[in-house]
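Asks: First the structure, which I've put down as structure tokens, then a few questions once you've had a look.
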Amino acid sequence: MVKKQIHPIIRLFLLLISIFVIFSGCSTDDNNANSTKALIQTNNPPPSTINGNEKDQKLVMDVKKKVMSKKEVYDVSVIKGEQDILVAYKVRHLKRFRMKKIEADLQKELEKEFPDEKFTISSDYKIFLESIRLQDKINNKQIPKEDLEKRLSEIIKLSNEKT
Amino acid sequence: MGKSKKKKSKTPEQQQYAQFEQKHEIKRPVVRNCVVAFLVGGTICVIGQAISYFYIYFFNFTEQTAGNPTVATLIFLSMLLTGFGVYDRIGQFAGAGSAVPVTGFGNAVISASIEHRTEGFVLGVGGNMFKLAGSVILFGVFSAFVVALIKTLIMKWVGV
Amino acid sequence: MLIGKQSWIFQSKPAIIATGVSGGPFEREGLLPEAFDILHDDLWMEEPSYEQAHRLLIEEAVEVALKKANLTNDDIQFIIAGDLINQITPTSFAARTLGIPYFGIFGACSTSMEGLALSAFIVNNKGANYIVTGAASHNAAAERQFRYPTEYGGQKPPTAQWTVTGAGFAIVSHSTPNQTEFPKITCATIGKVVDLGISDPFNMGGAMAPAAVDTIKTHLKDTGRKITDYDLIVTGDLGKIGYSVALDLLHGDGLNIPEEKFKDCGLLLYRDDQPVQAGASGAASSATVIYGHLLKQMKAGVYKKILCVATGALLSPLTVQQKETIPCIAHAVSIEMDS
Chain A
477 MVKKQIHPII RLFLLLISIF VIFSGCSTDD NNANSTKALI QTNNPPPSTI NGNEKDQKLV
537 MDVKKKVMSK KEVYDVSVIK GEQDILVAYK VRHLKRFRMK KIEADLQKEL EKEFPDEKFT
597 ISSDYKIFLE SIRLQDKINN KQIPKEDLEK RLSEIIKLSN EKT
Chain B
18 MGKSKKKKSK TPEQQQYAQF EQKHEIKRPV VRNCVVAFLV GGTICVIGQA ISYFYIYFFN
78 FTEQTAGNPT VATLIFLSML LTGFGVYDRI GQFAGAGSAV PVTGFGNAVI SASIEHRTEG
138 FVLGVGGNMF KLAGSVILFG VFSAFVVALI KTLIMKWVGV
Chain C
16 MLIGKQSWIF QSKPAIIATG VSGGPFEREG LLPEAFDILH DDLWMEEPSY EQAHRLLIEE
76 AVEVALKKAN LTNDDIQFII AGDLINQITP TSFAARTLGI PYFGIFGACS TSMEGLALSA
136 FIVNNKGANY IVTGAASHNA AAERQFRYPT EYGGQKPPTA QWTVTGAGFA IVSHSTPNQT
196 EFPKITCATI GKVVDLGISD PFNMGGAMAP AAVDTIKTHL KDTGRKITDY DLIVTGDLGK
256 IGYSVALDLL HGDGLNIPEE KFKDCGLLLY RDDQPVQAGA SGAASSATVI YGHLLKQMKA
316 GVYKKILCVA TGALLSPLTV QQKETIPCIA HAVSIEMDS
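This is the structure:
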């Protein structure tokens with residue numbers, strides 16, 4: 477009797493699905509409604525600061541307004557820590573061809589407008605996702621400020637990775 | 018050193034036979050092949066993008082750095098399919114759709130190394146592994162070099 | 016005796032007293048599984064490499080033929096055989112096991128009839144009492160050598176053919192006029208190499224058809240026979256394209272043979288739903304179908320007189336890369352049942 481050839485394919489698919497299911501258990505613990513939406517929809521999150529004082533709040537609002545004024549950008553997340561401001565933005569799909577130019581222009585404009593601040597900007601989905609997760613952590617007032625600062629600097633380091 | 022080739026033109030009898038034989042040949046279904054290649058190649062790319070998002074979402078990879086594990090995963094899948102004897106059936110169905118993406122490159126290397134296991138690991142597997150993929154690597158690297166050279170020269174002239 | 020330009024007539028009409036045919040998994044699922052004495056489940060056949068499995072096919076086919084004829088290896092004077100693999104090593108290694116004096120021949124897929132013609136000539140001229148002759152091929156070993164690794168996902172065009180995994184061997188011996196139960200070899204025509212400029216290795220049928228037609232025409236001229244004298248003319252492995260080209264060429268030359276009387280072994284072996292594109296090919300294509308199926312049909316009375324034309328494409332992977340065309344050859348042997 478010659479064995480049918482279908483079985484290896486079904487076996488393979490079952491193996492793959494079970495691998496994916498197992499690996500999704502390796503996820504980090506800060507998944508909630510906001511982060512699942514992060515990649516798919518326009519979130520429009522309010523800009524946040526880690527230390528929460530009024531001057532900083534106003535500053536980040538201005539930064540957000542400045543970035544949103546660019547028409548290629550459709551979603552921005554701004555987080556200000558002790559020394560850095562992380563600006564994570566999403567570019568409209570067709571305009572992604574000019575990604576590098578947009579990034580250079582944005583960096584120049586922000587440094588001109590707010591010369592005292594140190595900006596880290598990124599159009600990467602991952603950075604955006606992580607900043608959404610960090611904002612949720614900020615809003616959850618239980619977590620101490622040093623941890624939030626550490627997470628922010630980790631995200632900034634991640635955005636500089638090249639390979 | 019072989020002589021440079023003088024174009025062997027066909028004799029009239031050969032030309033006549035070639036025309037005659039063409040009428041009997043079953044022609045390749047080019048339109049069907051193109052459409053199927055487009056769909057299958059696109060599907061493989063969609064799967065690759067899904068794997069990429071999987072790595073971005075659940076692990077600590079950015080869009081930039083997720084390329085590496087995505088390609089590794091795709092080649093791993095291509096290895097499983099080649100080893101199970103499924104990839105050649107997909108290849109007969111899809112043609113370029115399964116040969117052009119990185120999974121096709123993986124299949125070329127993996128099928129050659131599976132095949133030559135019987136000649137041992139060093140001369141058999143090692144010596145024959147890049148039988149099909151060797152030209153891809155050679156001409157890929159060479160053309161990247163040429164393009165980079167052209168770009169550098171242009172930037173220098175434009176920059177000045 | 017030589018007749019005409021390139022044909023032999025065998026006055027003593029050597030007989031094919033037994034045959035042995037072995038095959039692989041694809042042939043098992045094909046149209047003629049009953050033509051095979053031994054069928055294997057997979058291409059490895061419990062050997063460490065495809066080439067050694069290839070050798071095993073040959074050994075098994077010869078052993079079956081010997082058993083059917085009630086002979087031992089020592090009774091056989093010569094073995095005349097070949098295959099497609101480099102330096103015909105599977106056949107040579109099988110000859111080592113069998114211990115029979117060995118003529119290794121290479122005619123690509125026309126090897127079976129080349130061997131049969133030579134065997135009939137030697138037996139007819141009392142050069143031997145018993146000769147074993149045949150041909151073999153193995154799909155994976157041939158793909159590996161001529162084309163790509165077997166698991167490679169390249170797309171084969173609809174003109175490509177599938178190499179048969181199998182071996183077909185026959186024992187040729189003297190016959191007496193009252194031995195009417197064995198098919199007899201009456202005459203044979205040795206082919207010339209014909210090259211009409213086809214260079215696509217995925218379309219060997221189209222390259223081989225002119226060689227088959229040339230040999231058939233020469234055979235009829237040399238022997239003085241008419242094409243209607245034969246109940247069946249069968250070619251070795253022309254496939255769909257080669258078969259329709261050959262039929263057209265024959266009709267164009269005035270040899271109006273009807274389709275029921277002109278068949279191709281490559282089209283008889285596999286079912287339509289098997290992924291063989293244009294049909295079967297390989298040295299075993301003609302050997303297994305002629306020695307396994309057609310001789311049985313002759314004994315059952317379906318055919319009295321058949322002309323077996325095995326066709327071969329004399330290319331190598333190197334000649335293809337060097338952009339050479341494909342020269343082809345065809346040998347014809349006439350097999351008849353005495354009434």
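Protein chains in written order, with the numbering used here: chain A, 477 to 639; chain B, 18 to 177; chain C, 16 to 354.
Note that beta-carbon positions come from the ideal geometry of N, C-alpha and C, so glycine has one too.
Quantities reported herein were computed from a predicted structural model and do not represent experimental measurements.
Hey, does R49 of chain B have any beta-carbon neighbour from chain C nearer than 7 Å?
Replies: Chain C, which has no Cβ nearer than 7 Å to the Cβ of R49 of chain B, makes this no.
Asks: Taking the alpha carbon of A156 of chain C as the reference point, which residue from C:L131, C:L99 and C:Q336 has its own alpha carbon closest?
Replies: Out of C:L131, C:L99 and C:Q336, C:L99 has the C-alpha closest to the C-alpha of A156 of chain C.
Asks: Go ahead and label M575 of chain A buried or exposed: buried means 16 or more other beta carbons lie within 10 angstroms of its beta carbon, across all protein chains shown.
Replies: When all chains shown are included, M575 of chain A counts as exposed.
Asks: Can you tell me whether D244 of chain C is helix, strand or coil according to DSSP?
Replies: D244 of chain C: helix per DSSP, three-state reduction.
Asks: Does any residue of chain E have a CB that is nearer than 7 Å to the CB of T82 of chain B?
Replies: In the displayed structure, chain E is absent; the protein chains listed are A, B and C.
Asks: Measure the beta-carbon distance from G220 of chain C to K255 of chain C and round it to whole angstroms, keeping in mind my assumption that it falls under 8 Å.
Replies: That belief holds up - the Cβ atoms of G220 of chain C and K255 of chain C are roughly 7 Å apart, short of 8 Å.
Asks: Just list the residues that DSSP pairs I185 of chain C with in beta bridges.
Replies: Note on identity: in this sequence residue 185 of chain C is Ala, with Ile being the wrong assignment. Bridge partners of A185 of chain C: C:T34 and C:T148.
Asks: Can you give me the start and stop residues for the alpha helix (DSSP H) that G281 of chain C sits inside?
Replies: C280 to L283 is the span of the alpha helix (DSSP H), which, as asked, contains G281 of chain C.
Asks: Please list, in chain order, the residues of the stretch 156-189 of chain C that have any C-beta partner in chain B closer than 8 Å.
Replies: Residues R159, Y163, P164, T165, E166, Y167, G168, G169, Q170, K171, P172, P173 and T174.
Asks: Any C-beta of chain A sitting closer than 7 Å to the C-beta of T79 of chain B?
Replies: At least one chain A Cβ lies under 7 Å of T79 of chain B.
Asks: Counting pairs of beta carbons, one from the stretch 141-159 of chain C and one from the stretch 106-120 of chain B, are three or more of them closer than 8 Å?
Replies: With a cut-off of 8 Å, the stretch 106-120 of chain B and the stretch 141-159 of chain C do not count as touching, because too few Cβ pairs lie within range.
Asks: What is the residue span of the alpha helix (DSSP H) that A580 of chain A lies within?
Replies: Its alpha helix (DSSP H) spans residues M575 to E589.
Asks: Just checking: is the beta-carbon of L488 of chain A within a distance shorter than 7 Å of some beta-carbon in chain B?
Replies: Judged by the 7 Å Cβ criterion, L488 of chain A is in contact with chain B.
Asks: Less than 7 Å between the C-beta atoms of G281 of chain C and S300 of chain C, yes or no?
Replies: Yes, the pair counts as a contact, with Cβ atoms nearer than the cut-off.
Asks: Smallest Cα separation from L56 of chain B: which of B:L94, B:G112, B:V163 and B:F78?
Replies: Nearest option by C-alpha distance: B:G112.
Asks: Quick one: residues in its chain with C-beta nearer than 6 Å to the C-beta of G121 of chain B, no 5 flanking neighbours on either side, listed in chain order?
Replies: Correct list, in chain order: S115.
Asks: Under 7 Å, do A345 of chain C and V324 of chain C count as touching if we go by C-beta distance?
Replies: Yes. Within cutoff.
Asks: Applying the criterion that 16 or more other CB atoms from any shown protein chain within 10 Å of the CB defines a buried residue, is D229 of chain C buried or exposed?
Replies: Classification for D229 of chain C: buried.
Asks: Pick out the complete beta strand (DSSP E) segments inside the stretch 174-228 of chain C, 3 residues or longer, and give them in chain order.
Replies: List check, beta strand (DSSP E) in window: 181-188 and 199-204.
Asks: Quick one: give me the first and last residue of the alpha helix (DSSP H) that Y550 of chain A is part of.
Replies: Counting along the chain, Y550 of chain A falls outside any alpha helix (DSSP H), though it belongs to the beta strand (DSSP E) covering V549 to K556.
Asks: Taking only beta-carbon positions, decide if L149 of chain B is within less than 7 Å of chain A.
Replies: Chain A contact via Cβ: absent.
Asks: Report the option in C:I305, C:L284, C:Q176 and C:E42 whose CA atom is closest to the CA atom of S349 of chain C.
Replies: Nearest C-alpha to S349 of chain C: C:I305.
Asks: Give me, in chain order, the residues of the same chain whose beta-carbon lies closer than 6 Å to that of N124 of chain B; leave out the 5 immediate sequence neighbours on both sides.
Replies: Around N124 of chain B: S95, T99 and Y104.
Asks: Does any residue of chain B have a CB that is nearer than 7 Å to the CB of M477 of chain A?
Replies: The predicted model places M477 of chain A with a pLDDT of 40, which falls under 50 and marks its position as unreliable, so this point remains unresolved.
Asks: Look up L329 of chain C in the DSSP assignment and say whether it is helix, strand or coil.
Replies: L329 of chain C: coil per DSSP, three-state reduction.
Asks: I want to see whether chain B comes within less than 7 Å of Y550 of chain A, judged by CB atoms only; does it?
Replies: So, not an interface residue.
Asks: Taking C-beta pairs closer than 8 Å, name the residues in chain C that Y72 of chain B reaches, listed in chain order.
Replies: Neighbours of Y72 of chain B on chain C: none; closest Cβ ~26 Å, over 8 Å.
Asks: Measuring CA to CA, which of C:A150, C:I205 and C:F217 is closest to G169 of chain C?
Replies: Checking every option, the nearest Cα to that of G169 of chain C belongs to C:F217.
Asks: Could you give the DSSP three-state label for G254 of chain C: helix, strand or coil?
Replies: Three-state result, G254 of chain C: helix.
Asks: Have a look at A302 of chain C and L54 of chain C and give me their C-alpha separation to the nearest angstrom.
Replies: Cα to Cα, A302 of chain C sits roughly 15 Å from L54 of chain C.
Asks: Could you confirm whether any beta carbon from chain B is found closer than 7 Å to the beta carbon of I256 of chain C?
Replies: Closer than 7 Å: yes.
Asks: The alpha helix (DSSP H) that contains E530 of chain A, what's its start and end?
Replies: Counting along the chain, the alpha helix (DSSP H) containing E530 of chain A begins and ends at E530 to M544.
Asks: Taking 8 Å as the threshold, find out whether the stretch 77-91 of chain C comes into contact with the stretch 320-336 of chain C through three or more Cβ pairs.
Replies: Taking 8 Å as the limit for Cβ pairs, the verdict is that the stretch 320-336 of chain C does not touch the stretch 77-91 of chain C.
Asks: Leaving out five residues before and five after V554 of chain A in sequence, what residues of the same chain have Cβ atoms less than 6 Å from its Cβ?
Replies: Closer than 6 Å at Cβ, skipping near neighbours: P523, V536, V539, K540 and V563.
Asks: Any beta carbon of chain B sitting closer than 7 Å to that of V364 of chain C?
Replies: Given that chain C is displayed from residue 16 to residue 354, the structure contains no residue 364 of chain C and the question cannot be resolved.
Asks: Can you give me the C-alpha to C-alpha distance between V567 of chain A and A83 of chain B, rounded to a whole angstrom?
Replies: The alpha-carbon atoms of V567 of chain A and A83 of chain B are separated by roughly 19 Å.
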